[in-house]
Amino acid sequence: MSKRRAIIDDGCCPYLVEGAEFMMPLGIPVIKKTQEIIIPSGITPFSQRNKVAGAGEALGFYEMDMQFADILIHPQNYTEEFKRFDAIISPDCSLYRDAPMAVQVTNLYRNRAIGVYYQMRGLNVIPQIRWGNEYTYTTKYFPEKIAFLGVEKHSVVAIGTYGCCKSREDKYHIEAGLSAMMSSLEPEVVLVYGSMPEKIFGKYDSYSRFVQYSDWTTRMHG
Numbered sequence: 018m019s020k021r022r023a024i025i026d027d028g029c030c031p032y033l034v035e036g037a038e039f040m041m042p043l044g045i046p047v048i049k050k051t052q053e054i055i056i057p058s059g060i061t062p063f064s065q066r067n068k069v070a071g072a073g074e075a076l077g078f079y080e081m082d083m084q085f086a087d088i089l090i091h092p093q094n095y096t097e098e099f100k101r102f103d104a105i106i107s108p109d110c111s112l113y114r115d116a117p118m119a120v121q122v123t124n125l126y127r128n129r130a131i132g133v134y135y136q137m138r139g140l141n142v143i144p145q146i147r148w149g150n151e152y153t154y155t156t157k158y159f160p161e162k163i164a165f166l167g168v169e170k171h172s173v174v175a176i177g178t179y180g181c182c183k184s185r186e187d188k189y190h191i192e193a194g195l196s197a198m199m200s201s202l203e204p205e206v207v208l209v210y211g212s213m214p215e216k217i218f219g220k221y222d223s224y225s226r227f228v229q230y231s232d233w234t235t236r237m238h239g
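Letter by letter, the sequence shown follows residues 18 to 239 in my numbering.
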């Protein structure tokens, strides 16, 4: 019986980032801007990928981490399959606000490392931007806003709001993190998976193009 490989085996799989550039101070691998602006017609979750043809769609990972854990361990098994999508969004590894900073940094690294791996193999990769507590999107703890490391300015980026706007605290961090992202990355286009409250997003309409996508359940029953 073969032993299941762990994500941290071999130092978090250094082959994922061979040939990559890195952003300091944490050495986060950089997902390069796509050569052209890609606006998918829809975003399909990884677990539902066999229900769509792929053309015109982006593949996303807006679901529980366990649903896409295998790509973090065996990304090579999916390269050819993912090529049928117009783009993939880098994995949305959880950055829970109450998680230790070491865990949040590790999940940020994995997001970018997997994105770089697929980009190096010819796939169009859109970086998923996820922030956790205020230490990830301010300089109160680190010298840089770490949630935005590994992403070039003026890119197409993606964010997920599904399930993240329930409480007053959730809304505060969404709004504060979005403000930090806009000033740090100055994105050309922001793909939003989930709700896009006007009170939070409306002020940025003149700075970037925002494209909203319904979550999978709403899309299937809408």
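For every residue, glycine included, the Cβ atom is placed at its ideal position computed from N, Cα and C.
What you are looking at is a predicted structure, and each value in this text was computed from that prediction instead of being measured.
Approximately 13 Å separates the beta-carbon atoms of G167 and L112; this is outside 8 Å, ruling out the contact. Membership of T61 in the beta strand (DSSP E) is indicated by the continuous run G59 to P62. With contact defined as three or more Cβ pairs closer than 8 Å, the segment 79-90 and the segment 150-170 are not in contact. Only buried fits P108, as 16 or more other CB atoms lie within 10 angstroms of its CB. When C-beta atoms of the segment 127-141 are compared with those of the segment 182-192, fewer than three pairs fall below 8 Å, so the two segments do not count as touching.
By alpha-carbon distance to I143, the top candidate from R226, K100, G71 and G77 is G77. When C-alpha distances from S200 are compared across V228, R226, K183 and K170, the shortest belongs to K170. Within the segment 126-193, the alpha helix (DSSP H) runs of at least 4 residues that lie entirely inside it are, in chain order, 151-154. Counting along the chain, E74 sits inside the beta strand (DSSP E) bounded by residues E74 to G77. Rounded to whole angstroms, the Cβ separation of I105 and V206 is 16 Å, and the two are not in contact under 8 Å.
Each residue's CA atom was taken as its position, placing E98 and R114 some 33 Å apart. Contact between R138 and T178 is absent: CB atoms are separated by about 29 Å, not below the 8 Å threshold. With respect to the 8 Å criterion, P42 and V34 are not classified as neighbours on the basis of their beta carbons. Taken through DSSP and simplified to helix, strand or coil, Y32 comes out as helix. Straight-line measurement puts the Cα of D232 at about 23 Å from the Cα of K220. CA-to-CA, the gap between S225 and H91 works out to about 35 Å.
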